[in-house]
Amino acid sequence: DPLEVAVQIFSVRGGRVRGQRGWVADKEDDATLPDLVQHALMTLYQDAAESAIPKQILVPELPTDLEAVEQLLAERRGGPVRIRVPQRGDKKRLMETVEQNAKQS
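Just so we're aligned, residue 1 is where the sequence shown starts under UniProt numbering, counting upward by one.
Right, dumping it as structure tokens:
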């Protein structure tokens, strides 16, 4: 449905997927992938406890306002938070696996 977007969040520990959450949200007509990533991160972590916010978050595309999102999450976490798109290596392969899993769910 072009008016909805499916969001899949995978929790990774020690290089392995340990948990998964998903939901469907309404999509604005002109929303880009960076807009959707930013909205998903803000929705997921808006009421999260400090310990629930990881220090590194891997995404398929960087949020629209990367610095603002990282700063807000870092304040909530009480320590630095880095959001990035993996480019190579184990994290890139992990992102590819997670994307395949998301397409199948």
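For glycine and all other residues, C-beta sits at the position ideal for the given N, C-alpha and C.
Roughly how many angstroms lie between the CA atoms of LEU73 and TYR45, to the nearest whole one?
8 Å
Is DSSP giving LEU94 helix, strand or coil here?
helix
SER11 - partner residues in DSSP beta bridges
GLY19
Tell me whether GLN46 sits in a helix, a strand or coil according to DSSP, three-state version.
coil
Identify whether VAL85 lies in helix, strand or coil by the three-state DSSP scheme.
coil
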